[in-house]
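A.B. asks:
There are 4 protein chains.
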Amino acid sequence: MTSESPNALYFASLRRLFERTPALSFVKQTLEELAPGQARLALEPDDRYNNGAGCIHGGIIATVLDGVGWFACATRSEGYWLVTAEFKVNFLEVASHERVIATGELLKKGSELFHARMDARTEGGRHVASALATYTLLPRKFRP
Amino acid sequence: MTSESPNALYFASLRRLFERTPALSFVKQTLEELAPGQARLALEPDDRYNNGAGCIHGGIIATVLDGVGWFACATRSEGYWLVTAEFKVNFLEVASHERVIATGELLKKGSELFHARMDARTEGGRHVASALATYTLLPRKFRP
Amino acid sequence: MTSESPNALYFASLRRLFERTPALSFVKQTLEELAPGQARLALEPDDRYNNGAGCIHGGIIATVLDGVGWFACATRSEGYWLVTAEFKVNFLEVASHERVIATGELLKKGSELFHARMDARTEGGRHVASALATYTLLPRKFRP
Amino acid sequence: MTSESPNALYFASLRRLFERTPALSFVKQTLEELAPGQARLALEPDDRYNNGAGCIHGGIIATVLDGVGWFACATRSEGYWLVTAEFKVNFLEVASHERVIATGELLKKGSELFHARMDARTEGGRHVASALATYTLLPRKFRP
């Protein structure tokens with residue numbers, strides 16, 4: 088039994104949580120990678136996400152950023168629920184009709200609060216958004 | 088002809104813009120009110136918006152807040168496009184299976200930037216979220 | 088003995104804490120008012136606070152906003168320490184050579200987190216800045 | 088004449104601007120490095136910056152972060168003034184009686200807005216804070 092095994096089991100439970108979360112199917116995302124303190128999600132192109140100017144609505148980008156920060160933190164929450172306390176996002180470039188890749192990185196794991204940084208980029212590498220978020224640890228588990 | 092007429096025509100054009108914006112139908116919102124520097128949107132309950140804990144996902148709330156701030160600013164942009172430069176949202180209480188009312192208020196109209204404050208409350212009056220945002224004026228019009 | 092007495096004693100202890108906090112003397116502030124869930128601070132004019140353009144530096148304004156949000160929350164923390172988890176400030180107008188009044192309002196008192204909204208205005212009423220912050224409750228008291 | 092020369096002259100003018108800015112002497116900072124799109128400032132320890140718990144006040148940290156983001160952007164503003172439109176900071180760890188190093192990185196240079204990311208670390212490498220900011224370009228120069 089290798090040292091990766093506990094993470095592999097835990098990450099599988101995070102993937103199942105991802106699959107059964109309604110909002111992550113509604114704003115259709117793919118969980119591309121989990122690693123300790125890190126996550127990567129992809130948003131597939133869909134014209135229903137567009138704002139009036141034909142670009143992906145900022146709220147849709149924010150939904151993916153919030154989610155990827157949550158999963159980056161959850162890789163280190165040991166089965167406990169996290170809830171988003173706040174997030175903040177700067178929009179750098181618009182994206183339109185293209186895949187958007189969001190990455191999340193745990194900056195600090197405190198006893199009650201987790202801080203994360205998130206970025207969104209097009210597959211071509213344009214930097215779409217940068218974000219920071221705070222998640223609160225709840226005293227109940229999503230996984231026994 | 089009353090002094091309300093120019094606003095009435097302009098607000099009608101904002102309502103048409105609202106109706107034809109894909110993301111505002113996708114995350115189904117109702118434009119309840121426009122007034123100079125103010126807007127109110129409602130998010131109808133839909134279980135597809137839920138996070139893994141059965142509450143409305145923060146990104147969905149953020150989508151409505153971004154939108155209501157945009158419309159509050161657009162009431163004063165004289166037909167020019169605005170783009171979200173950044174926003175920040177603090178989540179105060181969870182909402183589940185209920186209507187969420189978002190209000191936006193223009194705080195400052197500058198020559199290039201508009202600042203807005205937004206709040207989301209349940210119909211029962213619970214304060215779900217508070218937000219701040221900055222919108223940039225673009226040099227092109229959505230309305231001739 | 089009136090119902091105000093417990094608050095009066097507690098607010099006196101907050102005023103003593105204010106008086107002995109080095110940063111609040113360094114960036115010279117006056118604690119003008121405390122009420123349950125609310126606080127008001129004033130920043131006296133001082134040219135040492137200026138940025139290169141002759142206006143009060145945003146960081147100095149942020150210092151006062153962070154402080155007034157902290158005191159608004161501390162009015163309801165029952166003697167427990169709070170620490171700033173994060174804040175965000177939008178700068179609406181510049182201030183120069185004038186008194187700046189900052190107001191703080193507790194938006195939500197949770198079991199671990201307090202959310203506050205803060206605003207800064209000149210004495211003439213110009214809206215200088217608007218802010219949101221999150222404070223974390225610590226398990227130790229500043230007052231027995 | 089090397090390709091570095093224009094930058095060297097321009098960075099010298101930024102250093103003179105730094106030296107004559109009152110707030111950067113008041114909250115005593117050292118401009119350690121400028122490079123295209125990047126800046127590094129140091130805050131020297133001073134007990135007058137302390138909050139009531141004996142740690143450096145968040146507003147003082149925010150002052151340095153706002154400044155380092157400003158200088159990172161100003162390296163690319165070609166002599167034009169920038170003004171802070173908004174900033175947001177997450178506090179990860181406290182710092183006390185120690186040097187704090189702040190780094191700023193230009194994320195996006197738009198026609199009107201510059202976005203930057205900033206971080207503060209102790210000399211020992213503890214991550215004190217992470218921040219994002221938006222700066223607006225003004226149509227006047229600090230340098231002819």
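Sequences listed follow chains A, B, C and D, in order. With our numbering, the residue at position 7 of the first sequence is 94, and numbering never jumps. With our numbering, the residue at position 132 of the second sequence is 219, and numbering never jumps. With our numbering, the residue at position 100 of the third sequence is 187, and numbering never jumps. With our numbering, the residue at position 68 of the fourth sequence is 155, and numbering never jumps. Even for Gly, the Cβ is constructed at its ideal location relative to N, Cα and C.
So what does DSSP say about Glu106/D, is it helix, strand or coil?
C.D. replies: Helix at Glu106/D.
A.B. asks: Tyr167/C bridges to which residues according to DSSP?
C.D. replies: The partner list for Tyr167/C (beta bridge, DSSP) reads Lys228/C.
A.B. asks: Hey, would you say Asp206/A sits closer than 8 angstroms to Thr190/A, going by beta carbons?
C.D. replies: Yes, the Cβ-Cβ distance between Asp206/A and Thr190/A is below 8 angstroms.
A.B. asks: Counting Cβ pairs closer than 8 angstroms, one from the segment 210–226 of chain D and one from the segment 130–137 of chain C, do we hit at least three?
C.D. replies: Short answer: they don't touch.
A.B. asks: Taking all protein chains shown into account, decide if Ser228/D is buried (16 or more other Cβ within 10 angstroms of its Cβ) or exposed.
C.D. replies: The displayed chain sequence assigns Lys, not Ser, to residue 228/D. Classification of Lys228/D: exposed, given that the 10 Å Cβ count is below 16.
A.B. asks: Quick check: does the Cβ of Asn94/A come within less than 7 angstroms of any heavy atom belonging to the ligand ATP?
C.D. replies: Absence of the ligand ATP from the depicted structure is noted, as is the absence of any ligand whatsoever, leaving it without description.
A.B. asks: For Ile143/D versus Ala182/D, is the C-beta spacing smaller than 8 angstroms?
C.D. replies: Yes, Cβ-Cβ distance for Ile143/D and Ala182/D is below 8 angstroms.
A.B. asks: Short of 9 angstroms Cβ to Cβ, which residues in the segment 187–214 of chain D face chain C?
C.D. replies: Listed by position, the residues of the segment 187–214 of chain D near chain C (Cβ gap below 9 angstroms) amount to none.
A.B. asks: Could you tell me whether any Cβ in chain A is nearer than 8 angstroms to the Cβ of Lys175/C?
C.D. replies: Yes, its Cβ sits closer than 8 angstroms to a Cβ of chain A.
A.B. asks: Indicate the three-state DSSP secondary structure (helix, strand or coil) for Leu179/D in the structure shown.
C.D. replies: Leu179/D: coil per DSSP, three-state reduction.
A.B. asks: Does chain C have any CB closer than 8 angstroms to the CB of Ala172/A?
C.D. replies: Judged by the 8 angstroms Cβ criterion, Ala172/A is in contact with chain C.
A.B. asks: How is the beta strand (DSSP E) around Ala207/B delimited, first residue to last?
C.D. replies: It spans Leu200 to Thr209 - the beta strand (DSSP E) in which Ala207/B sits, taken as one unbroken run.
A.B. asks: Relative to chain D, which residues along the segment 113–140 of chain C have a C-beta separation below 8 angstroms, given in chain order?
C.D. replies: The segment 113–140 of chain C vs chain D, Cβ under 8 angstroms: Phe113, Val114, Asp134, Arg135, Tyr136, Asn137, Asn138, Gly139 and Ala140.
A.B. asks: With a 10 Å radius around its C-beta and 16 neighbouring C-beta atoms as the bar for buried, classify Lys115/D as buried or exposed.
C.D. replies: With fewer than 16 other Cβ atoms within 10 Å, it is exposed.
A.B. asks: Between the segment 92–110 of chain A and chain B, which residues of the former have a C-beta closer than 9 angstroms to a C-beta of the latter?
C.D. replies: Of all residues in the segment 92–110 of chain A, Leu104, Phe105, Arg107, Thr108, Pro109 and Ala110 have a Cβ within less than 9 angstroms of some Cβ in chain B.
A.B. asks: Between which two residues does the alpha helix (DSSP H) harbouring Ala159/A extend?
C.D. replies: It spans Gly145 to Ala161 - the alpha helix (DSSP H) in which Ala159/A sits, taken as one unbroken run.
A.B. asks: Would Arg186/C pass as a contact of Glu210/C if the rule is Cβ separation under 8 angstroms?
C.D. replies: A contact, by the Cβ cut-off of 8 angstroms.
A.B. asks: Less than 8 angstroms between the beta carbons of Thr162/B and Gly124/B, yes or no?
C.D. replies: Yes. Within cutoff.
A.B. asks: In chain C, which residues lie with their C-beta within 7 angstroms of the C-beta of Thr223/A?
C.D. replies: Here the neighbours are Glu199 and Leu200.
A.B. asks: Hey, does Gly154/A have any beta-carbon neighbour from chain B nearer than 8 angstroms?
C.D. replies: Cβ-Cβ to chain B under 8 angstroms: yes for Gly154/A.
A.B. asks: So which residues of chain D does Ser217/A contact, with C-beta pairs closer than 9 angstroms?
C.D. replies: Leu194, Lys195, His202, Arg204 and Leu219, listed in chain order.
A.B. asks: If you draw a straight line from the alpha carbon of Gly139/D to that of Arg213/B, how long is it in whole angstroms?
C.D. replies: Whole-angstrom Cα-Cα distance: 33 angstroms.
A.B. asks: Rounded to whole angstroms, what's the CA-CA distance from Trp157/C to Ala203/B? Just pull it up for me.
C.D. replies: About 23 angstroms.
A.B. asks: For Leu121/C, which residues of its own chain have a beta-carbon under 7 angstroms away from its beta-carbon, when the five flanking residues on both sides are left out?
C.D. replies: The residues are Phe98, Leu101, Phe158 and Thr162.
A.B. asks: Quick check on this structure: which residue in Arg103/D, Gly141/D, Glu173/D and Tyr167/D has the alpha carbon closest to the alpha carbon of Thr150/D?
C.D. replies: Nearest C-alpha to Thr150/D: Glu173/D.
A.B. asks: What does Glu180/D touch in chain A if you count any residue whose Cβ is under 8 angstroms from its own?
C.D. replies: Going along chain A in sequence order, the residues near Glu180/D (Cβ under 8 angstroms) are Lys195.
A.B. asks: Among Arg208/D, Leu169/D, Gly197/D and Phe201/D, whose alpha-carbon lies nearest the alpha-carbon of Leu179/D?
C.D. replies: Minimum Cα distance to Leu179/D is reached at Arg208/D.
A.B. asks: Specify the secondary structure class of Phe95/A as computed by DSSP and reduced to three states.
C.D. replies: The question names Phe, but residue 95/A in the sequence shown is Ala. Here Ala95/A sits in helix by DSSP.
A.B. asks: Output yes if chain B places a C-beta closer than 8 angstroms to the C-beta of Ala159/A; else output no.
C.D. replies: Not closer than 8 angstroms to any Cβ of chain B, the Cβ of Ala159/A fails to qualify, so no.
A.B. asks: What are the boundary residues of the beta strand (DSSP E) that Glu185/B is part of?
C.D. replies: Taken as a continuous stretch (DSSP letters only), Glu185/B belongs to no beta strand (DSSP E), as it is neither H nor E.
A.B. asks: Of all the CB atoms in chain C, is at least one closer than 8 angstroms to the CB of Gly166/D?
C.D. replies: No, Gly166/D does not count as interfacial toward chain C.
A.B. asks: Does the distance from the C-beta atom of Phe105/A to that of Cys160/A stay below 8 angstroms?
C.D. replies: In this structure, Cys160/A does not lie closer than 8 angstroms to Phe105/A by Cβ.
A.B. asks: For Ala126/D, is the classification buried or exposed, using 16 other Cβ atoms within 10 angstroms of its Cβ as the cut-off for buried?
C.D. replies: Per the 10 Å Cβ criterion, buried.
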